[in-house]
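For the sequence shown, UniProt numbering begins at 1 and goes up steadily by one.
Backbone N, C-alpha and C define an ideal beta-carbon position, used for all residues, glycine too.
Source: prediction; values computed, not measured.
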Amino acid sequence: MTAGKERFSSSHQELGVAVQDGLPLGESTTWYSSQASVRTSSSKLDCGDEVRYSSRLVLRRGNMQTREVRFFNLNVCTLAIHGLPLIDSRDLAFSGARGVRQLRSAFRVSITWLTNDTLAYQRCDPPPKECSLNSKYRNIDGSCNNFLHPYWGSPERPFGRLVGYNYGDDGKLGQDGLNLDKCVPIMIEDEDKVYAPAGIECLDFQRTSTDKDKGCHSPGQPVKQLNAVTSFLDLSVVYGSSDEVAKSLRTFTGGRLKVACHHGEDFPPQADNVTQTCDVAASKNELCDVRINQNPQLTSLQVLWLREHNRVADGLRDTNPHWDDDQLYNEARRITIGEHQHVTYNEYLPLQLGTVIMEKFRLLPAIRGGCVDDYDPTVNPTTLDEHTTGGALRYFHSAVSGHLKLVNQKRNVLGEARLSDWFNRPESLANNTILNYNRLCTGLATQMEERVDQFFDTEITNYLFRGGQELGSDLRAIDIQRCRDHGIGTYNQIRKFCNLTVPRSFDDLANVTGISEKNVELLRSLYEDVNDMDLTVAGSLEPHRPGANGGDTYLCILTEHFRRSRVGDRYFYENCEEGKFTTEQLREIRKTSLSRLFCDNVNAIKKMQRKAFEPVSSK
């Protein structure tokens, strides 16, 4: 034991590794790595047990002598070498010190940064996995995208954060995680003009799964909500977020995904196990994301990308008859994801964020020839909670129309579909009913969206998921409740993070933020203090920036999220990393547009405006 301490101490001094304060060095303490300590009475280490509780790969292989470096989590974060013969704590300490030296030299990463970052993820990672350094295909579960942090962006991980957790009990409930009821109903006041007269006293609300539910919550830390899917723009809604689901969706022939033919067109196959989330007469589409069954607009777009994958796979098979199924599937998936990312960043986001902001923050890089060398391995691409839950992304719920226009190729409106009649009824698109898929797609490219503001259509505030009932739920109330469930920072906390002026009282709220005096008075009536305002409430009241669909606070969140999603994704379609697209391939992907996808994959669509996200011109 003494020899182990001395040998580690020597290596530790040589590297200058910062060890956490407050770790006791009593007789029962054994230093067995270069970064922390654990209490043990034996000089032997059962490495197999440690592997099962490790957190992450932190060093890529290649020219390095060590085969692999991983962070192991016990009571503290510990650096160790996996794959080397480990005899006792002395050998492990020496190997760990050598790994730190190589890690710091190879990646120019500070050891303190690695320590602080890794400690936030204690005991929540699955077992270490082999990361291929040369694969040009992203993993289905998003892992190994970043060699230093292979679980960044993968499912069942805590959301990213811009500011800390803001639980209503000053952090006590969030820290110990006790007494967290999974159902926290939204109570209806007696004065409510919609639900109270119908005798409805509350609306159902299910809390998001947390690290406490998963059994990996760190004592003394706030409870963290988990993202059920990957964080990347990788079409996980089509391909799945796990290998098991991905395999269940494949035909294993020609690289294609499973489909069912209805009226001469391909749709997702229907699942056998219809659940209570669907209407009695309905059946669920068998795609990897349950949200495909929620509303017809989302279903139509997921069907579009499913068809595009198979179209690309068929083209690759004809061009490369010697390729096997796996290569056809992976190449088709890689190309289709690239098309999806291109449409998102070049067609959709400029309309929401504005081209000025897009160019300023290099979301639209000036380089348009070959690849764009902007990948940054220090950027965490994990979905930001303030983005997906705090209101920034949910703000666009206000753009949803309550009635969907069904339009033919001459752009004549043939009918309308009430949105609440078609929640959780995805089969309607395939059965050629009134909600015809071809007419809906043309209608989505024709019908103007509602104004993005504080007001929501009653179809989603009074009748959400109503099924056969007279009334349903309230999406706006759910958004606010979800924001509080996740402990999202307040409006002022986010403005401070964004380096925006923070109002000190309701009296200067209008001058500082541009929120109208009328809305300031509404906020004053709802909150005791200006520092209490929910992000999702106050953020939706800001005036929009010119050319954008949002005010300063929401634009800050959206821009930061999509910046991370781009530069933090090693497989982003324009990146110059391993397995990059060639200049010729990029040129073809950059020809992709939503209009092109409609024309290529919807049989009845023979012509479409060049920019499907924008209204048809009069010319």
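Subject >> C-alpha gap between Ser617 and Ser143, whole angstroms >> reply: 44 Å
Original post:
Roughly how many angstroms separate the alpha carbons of Met187 and Arg476, rounded to a whole number?
Top reply: The straight-line gap from Cα to Cα measures roughly 14 Å.
**OP:** Quick one: measure Cβ to Cβ for Thr392 and Ile557, integer angstroms, because I've assumed they're closer than 8 Å.
**Re:** Correcting the residue type first, residue 392 is Ala in the shown sequence and not Thr. Ala392 to Ile557, Cβ: 4 Å. Contact.
Original post:
Any idea what DSSP makes of His217, helix, strand or coil?
Top reply: coil
Original post:
What three-state label does DSSP hand Cys183 in the structure shown?
Top reply: DSSP, read as helix, strand or coil, puts Cys183 in strand.
Subject >> Cys261, enclosing beta strand (DSSP E) - first and last residue >> reply: 260-262
Original post:
Excluding five sequence neighbours on each side, which residues of the same chain lie with their C-beta closer than 8 Å to the C-beta of Asn601?
Top reply: Leu304, Arg307, Glu308, Arg311
Subject >> C-beta contact flag for Gly551 and Glu386 at 8 Å >> reply: no
Original post:
In angstroms, rounded to a whole number, what distance separates the CA positions of Asp117 and Arg570?
Top reply: With a pLDDT of only 38 at Asp117, under the threshold of 50, the placement of this residue in the model should not be trusted; the figure read from the coordinates follows. Going from the Cα of Asp117 to the Cα of Arg570 covers about 19 Å.
**OP:** Identify, in the order they occur along the chain, each residue of the same chain with its Cβ nearer than 7 Å to the Cβ of Val567, setting aside the five sequence neighbours on each side.
**Re:** Around Val567: Asp374, Tyr375, Asp376, Val379.
**OP:** Note down, in chain order, each residue of its chain lying with its Cβ closer than 6 Å to the Cβ of Ser42, except the 5 sequence neighbours on either side.
**Re:** Residue confidence for Ser42 is low, a pLDDT of 39 falling below 50, so the modelled location carries little weight and cannot support an answer.
**OP:** Please say whether Leu404 and Gly468 have beta carbons closer to each other than 8 Å?
**Re:** no
Original post:
When you compare each of Asn146, Glu156, Leu364 to Arg590 by their alpha carbons, which one comes out closest?
Top reply: Leu364
Subject >> Under the three-state DSSP convention, the category Ala417 falls into >> reply: strand
**OP:** Ignore the nearest five residues each way along the sequence and tell me which others in Met448's own chain have a CB closer than 7 Å to its CB.
**Re:** Closer than 7 Å at Cβ, skipping near neighbours: Pro615.
Original post:
Which word fits Arg504, buried or exposed, when buried means at least 16 other C-beta atoms lie within 10 angstroms of its C-beta?
Top reply: exposed
Original post:
Would you report the Cα separation of Asn134 and Phe147, rounded to the nearest angstrom?
Top reply: Spanning the two alpha carbons is a distance of roughly 11 Å.
Subject >> Same chain, Cβ closer than 6 Å to Glu331, five either side skipped, listed in chain order >> reply: Leu316
Subject >> Where Gln409 falls, given that 16 or more other Cβ within 10 Å makes a residue buried >> reply: Gln409 should be labelled exposed.
**OP:** Taking Leu535 and Ile494 to be in contact with their CB atoms under 8 Å, please state how far apart those CB atoms are, rounded to whole angstroms.
**Re:** Correct: roughly 5 Å between the Cβ atoms.
**OP:** Pull up the distance between the alpha-carbon of Thr446 and that of Arg411, whole angstroms please.
**Re:** 7 Å
Original post:
Taking the alpha carbon of Cys261 as the point to measure from, which residue in Asn139, Glu156, Asn603 has its own alpha carbon closest?
Top reply: For the residues Asn139, Glu156, Asn603, the minimum Cα distance to Cys261 belongs to Asn603.
Subject >> Cβ-Cβ distance between Val223 and Thr210 below 8 Å >> reply: yes
Original post:
How many whole angstroms separate the CB atoms of Pro296 and Trp422, which I take to be in contact at a CB cut-off of 8 Å?
Top reply: 5 Å
Original post:
In three-state DSSP terms, what is Ser300?
Top reply: helix
Original post:
Excluding sequence positions up to five away, which residues of its chain have a Cβ less than 7 Å from the Cβ of Thr461?
Top reply: Asp474, Leu475, Arg476
Original post:
Just checking, does the segment 195-207 make contact with the segment 513-533 on the three C-beta pairs under 8 Å criterion?
Top reply: no
**OP:** Check each candidate in Val237, His486, Asp141 and name the one with the smallest Cα separation from Gly168.
**Re:** Nearest Cα to Gly168 within the set Val237, His486, Asp141: His486.
Original post:
How would you write the range of the beta strand (DSSP E) that Lys405 sits in, first residue to last?
Top reply: According to the DSSP assignment, Lys405 belongs to the beta strand (DSSP E) that extends over 403-407.
Subject >> Whether Tyr554 touches Tyr395 by CB criterion (8 Å) >> reply: yes
Original post:
Are Leu353 and Ala548 touching if we call contact CB-CB under 8 Å?
Top reply: yes
Original post:
Would you report the Cα separation of Val238 and Glu521, rounded to the nearest angstrom?
Top reply: 45 Å
Original post:
If you compare alpha carbons, which of Ser595, Leu406, Ile480 is closest to Gly390?
Top reply: Ile480
**OP:** Put Gly443 into one of helix, strand or coil per three-state DSSP.
**Re:** In the structure shown, Gly443 sits in a helix (DSSP, three-state: H, G or I).
Subject >> Nearest neighbour of Asn492, chosen from Ile337, Ala510, Lys580, Val530 [CA to CA] >> reply: Val530
Subject >> Beta-carbon proximity check, Glu578 vs Lys212, cutoff 8 Å >> reply: The answer is no: Cβ separation not under 8 Å.
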